[in-house]
Amino acid sequence: MKKPTMFLVVLLLTLAVTVGVFATGKQEKKPASIEFWTTETQSSRVSTIQTLVDIFQGINPEIKISVVPVDENDMPKQVAASSAAGNLPAIAETGSENSIDFGSSGLLDMKEATKIINSIGKSAFYAGPLSMLESPNKGSYYALPYHGWIQGLWYRSDWFKNAGLNPPNTWESIEKAAKTFYKPDKNQYGILVGTKAENYAEQCFTQIAISNKARIFTSDGKLIFNSPAMKEAVQYYAKLAKYNPPGPQTWRARDYYIQQKMAMFFYSTYIMDDLALADVAASSLTAKNFKNLKGASFDSNLVTQTGFAPIITHKQPSSYGVIVALNIFKQKKAADTAAAEKFIKYMYTEDAYVTFLHMAPGGMNPVIKKIAASDKFMNDPKGIFKKYGKKKIQSIIAGLEDIKRFGIVGGKLIPQYGKIFSQKIIPQMIYKITQENADVDKSMSWAEGEMKKIVE
Amino acid sequence: MTVKVPAVRSNRVIVKAHTLRIEEERFGWKLILPSVIIIGSLIIYPIIYNMYLSLFDVKLQGANIYIGLQNYKNVLTDPSFWHAVLTTFIYVIGTTIGTTLIGLGVALVMVKNFPFRSLVRALILLPYIAPVISVVFSWQFFFDPVNGLFMHVTYDMLHLFEKRFSLIGSPQNAVIVAIIFNIWRSFPFSYLMILSRLQSIDNSGYEAAEIDGASSWQKFRYITFPELYFVIGSIVILRVIWNFNKFEDVYLLTDNVKVLSVYTYFKAFTGVMDQGQGAALALIQFLLLIGFILFYVKKVLKW
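Going line by line, the protein sequences match chains A and B. Heads up, the first sequence is in this note's numbering, so the first residue is 1 and it goes up one at a time. Heads up, the second sequence is in this note's numbering, so the first residue is 457 and it goes up one at a time.
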C-alpha cells in the first residue's frame, strides 16, 4: 500500500473511532424536541414561562422545548385534533377534569406521571389535590397536580354592612343580597353568575348544586343528573341569573365589580391581584377607556371593602376549586418522554416553582407543602400576599384540601365526568335556560341525553 | 399536371406532425402539472375525503365506523339544522341586499366632484381593510350593555329604551347586529366595484338625456342601471358565495347566531364533536350553494 493511501486509511479509522466514542457519549443525552402546552395565555405569563424554559434549556442543551399557549376552553378540541393527527404535545398544563378526560381516553402516560410523583414523594403533596388525580386503580395517577385555586363569592362587605345583610354564604342570604343590590336603572347589578356556554358557568353552578346535595353520578358511576335536587339547583341558579348584568355573561364581567357596578360575583382566588393593585385594575376592561362614564373610577380601597365567602351552605356546605395539573402525553420516542420527565422535575424545584406561582399570586397556589410554608413563596414581587396577610393566604391554600367536584363522589373519582366537563353540556343547558328562556325540564332532559351518549 | 408526393414522404410528414402534437400535449401537461398537483392535493383531496368521512361515525381515537347515509339522515331530521338554514338565508339575503344598495348609493355620491373627495374615498375603505378581530372588539365595546356607548346614548341620554340590554348577546337581536356588522364591513367592496364601472360610463348618454328633458331617476333607470347590471349581478353572486360560508365575522362577534358555518363548527368541534355529521353538513352546505349559483347564473346573469 502506498504511503498516502495508508495515511488516509489510518485517518479514517481514527475519525471513525473518535466519532464512535463521542456518539456513545451522546447516547446518554439524547436530543429531544418537545412541546409544552399551557393554558396561561396572557403575554406576561407566556414570557415568564418562556424564561423558565430558557433557563432549563441552558442547563440541558440537548432538550428543546416549545411553549404553546392554548385557551383553556379550546384545550379539549386541540388535544383531540392533535391526537387524531398523531402529534400530541409532551406536556400540557390543564385543569384536573381535562386530565381525567385525557387519561381515561388513553392519551396520557400515567405510568410516567406516577413515577415522577413517587420520586418527588407522595407525602410532599397536599393529599386533597393528589387524590383528585388518582385513577380508580389506587396508586396510579392521571397527571401531576401543580397548582390550584378555590372559588367563592367576592362581595362588597361595606355595602352589605350598610344594608344590614349577612355575608352571602347561604342560598337565602345570596338571593336576598342579589335582589337588594340589583338596581338596573342605576346601572348596578346584584350578582354575577356564568350564563354563557363556557366553563365559568359550570364552575359557578357546581358549587350551588353540590350545596343542595345534587350530583351527576352516584358513587358507583350511575347517572342521576335529572333529579329533583338538581332541578331545584337549576331553578335557583336561573333565579340568581336574573340579577346579572344584561346578556349572556362570563368571568370577564368581573370588571363591573371593579368599577363598583356590582355587589358580588363568583370568582377564583385569581382576582386577588386585580383587587389589590390599582395598576392591574387599570389595565382592565373599561376603567381607563371610559373614564367619563359614571362609576368607572377605580377605588384603591377595594381590597379592604371586599369580603370572600368560599363556602356556600344549603343542605350541606359546599366549596369549589380547581387543581391544575401537568399532563404527560404518550410519546413515540422514549427520549421525548425522558425530556418531559426532566422538565417536570425542574418545574418542581423551589426557584422554578415559586417563579411560576408568582405569575398570579393568590390564583396559583402550591400543592407542595414545603413551598406553601416557604418565605420565598410568601414574598411575591407585587407584595400582594402582604396586603392580605399570611393567615388569609394559608387558609386559602388549606381550602384546596376540601374542594368538592361533580367528578368525585364519596371519595371515588368518576372518569366519565371529565368528558361531560370538556363538552360543556351543563354550560349549554344553563345558556338555553337563562338566555333562550328554554323550559327547565326540557333543558335538563336534553343535558341528560347528551351525558348518556358519553356514559353509555 | 399534378405532382405526386411520394407516399413515404407524406407519411413522414404526418408522423412528424403527430409526434409534434403529442410532444406539445406532453409539454402542456408538464406546464400545468404543478397546478394540477396543488389543486388536487389542496382542493380535490379534501373534498373527496370530506365526502368519505360523511359516511362514517368518526372516532378521534380508534377506528371509524361505516354508517352509510345515517349522518345525512341525522342532519336532515334535526330541527336545529333547519333553523341554521333559515338563519343563513336571513343573513345572506340581508347582507347581500344591504351591501349592494349601500355600495351603490355611496358610489353614486362618490362619483360626483366635491372637496376632499379623495380623502373621503380612502376613509370609506377603512372598515373593509381593518383586521376583523380589532373591528369586532370595537363593536363589542360599543354595544357592551353596562359600559358601551350605544347604551349610554340610547338609554342614559335619549331614554329610548325601558332598560339596558345586550344587543349583541341577546339571541333574538344578534342576527340583526351580525347583518348590520357585515354590511358596514363589506359595503366598501361593492362601492369600489360599482364606482369603477360608473367612472367608465360615457357622458354623452347623459347629455343626450338631459337635452330630452329626462329626470334624475330616468337617467339612472335607463342609462346608469343597464350599465351597472352585470357589475351588480357579479357583486351579488360573490357576496352570496362569501356570506353563505361566512364564519369569522359571525363567530367572533357573537356565538348566538348559528348560521350554517357556525352550526357546522359547533357540531364538528364542540360538544360531542361529531365530525361525521360535520362532514355531512359541509357537503350539504356545498350542494345548497352550488344549486343557488347554477340557478343564478342561468336566470339572472343569463350566461
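Ideal Cβ positions, reconstructed from N, Cα and C, are used throughout, including at glycine. Just so you know, these numbers come straight off a predicted model, no measurement behind them.
query	result
When the Cα atoms are used, what is the spatial distance from Lys213/A to Thr94/A?	27 Å
Taking the CB atoms as reference points, tell me whether Gly559/B and Ser646/B lie closer together than 8 Å.	yes
Check the C-beta distance from Ser510/B over to Ala735/B and give it rounded, since I have them as a contact under 8 Å.	4 Å
Does the structure place the segment 148-161 of chain A close enough to the segment 300-311 of chain A that three or more beta carbon pairs sit under 8 Å?	yes
Hey, would you say Met75/A sits closer than 8 Å to Thr39/A, going by beta carbons?	yes
My parser needs the alpha helix (DSSP H) runs of 4 or more residues fully inside the segment 475-552 of chain B; what are they?	501-509, 526-532
Along the beta strand (DSSP E) that carries Ser268/A, what are the first and last residues, could you check?	264-268
Hey, could you find the ends of the beta strand (DSSP E) Arg252/A is sitting in?	Per DSSP, Arg252/A belongs to no beta strand (DSSP E) and is neither H nor E.
Within 10 angstroms of the Cβ of Leu489/B, are there 16 or more other Cβ atoms? Answer buried if so, exposed if not.	exposed
Does chain A have any CB closer than 8 Å to the CB of Pro601/B?	yes
For a cutoff of 8 Å on Cβ pairs, would you count Gly734/B as touching chain A?	no
What is the rounded straight-line gap between the Cα of Asp375/A and the Cα of Val367/A?	16 Å
Counting only Cβ-Cβ distances shorter than 7 Å, please list the residues of the segment 176-195 of chain A near chain B, keeping chain order.	Pro184, Asn187
Is Val713/B closer than 8 Å to Val706/B when the C-beta atoms are compared?	yes
Trp171/A: buried (16+ other C-beta within 10 angstroms of its C-beta) or exposed?	buried
Look up Phe751/B in the DSSP assignment and say whether it is helix, strand or coil.	helix
Suppose only complete runs of 4+ residues qualify. What are the alpha helix (DSSP H) ranges in the segment 625-680 of chain B, listed by chain order?	630-655, 659-667, 672-675
Would you please state the rounded distance, in angstroms, between the beta carbons of Lys391/A and Met378/A? I believe it to be under 8 Å.	About 11 Å; that fails the 8 Å criterion.
Taking Val592/B as part of the alpha helix (DSSP H), name the residues at either end of that continuous run.	588-598
Counting contacts by CB-CB distance shorter than 8 Å, is Phe621/B in contact with chain A?	yes
Counting only beta-carbon atoms, is Leu644/B nearer than 8 Å to chain A?	Note that residue 644/B is Pro in the sequence shown, not Leu. No, its Cβ sits nowhere closer than 8 Å to a Cβ of chain A.
Quick check: Val53/A and Ile65/A, are their CB atoms within less than 8 Å of each other?	yes
Just how far apart, CA to CA, sit Gln57/A and Ile34/A?	12 Å
Against chain A, which members of the segment 607-632 of chain B pass a CB distance test of less than 7 Å?	His608, Lys619, Arg620, Phe621, Ser622, Gly625, Ser626, Pro627
If you reduce the DSSP assignment to three classes, tell me which class Pro61/A lands in.	coil
For Leu739/B, which residues of its own chain have a beta-carbon under 7 Å away from its beta-carbon, when the five flanking residues on both sides are left out?	Asn506, Met507, Ser510
Does Gln27/A get closer than 8 Å to chain B when you measure Cβ to Cβ?	Note that Gln27/A has pLDDT 44, beneath the 50 cutoff, so the model's placement of it is unreliable and the number below is only indicative. With 8 Å as the cut-off, Gln27/A does not count as an interface residue toward chain B.
Going by alpha carbons, who is nearest to Asn199/A out of Ala177/A, Pro361/A, Gly164/A, Glu97/A?	Glu97/A
Mind reading off the beta-carbon distance from Pro184/A to Arg620/B? Whole number of angstroms is fine, and I expect it under 8 Å.	6 Å
Answer yes or no: do Tyr346/A and Lys196/A have a C-beta to C-beta separation smaller than 8 Å?	no
Using a 10 Å radius around the Cβ and a threshold of 16 neighbouring Cβ atoms, would you call Gln259/A buried or exposed?	buried
Identify every residue that forms a DSSP beta bridge with Pro69/A.	Thr38/A
What are the boundary residues of the beta strand (DSSP E) that includes Trp149/A?	144-156
Roughly how many angstroms lie between the CA atoms of Thr475/B and Asp336/A, to the nearest whole one?	58 Å
Identify, in the order they occur along the chain, each residue of the same chain with its Cβ nearer than 6 Å to the Cβ of Ser443/A, setting aside the five sequence neighbours on each side.	Met429, Lys432, Ile433
Roughly how many whole angstroms lie between the Cα atoms of Leu564/B and Leu557/B?	11 Å
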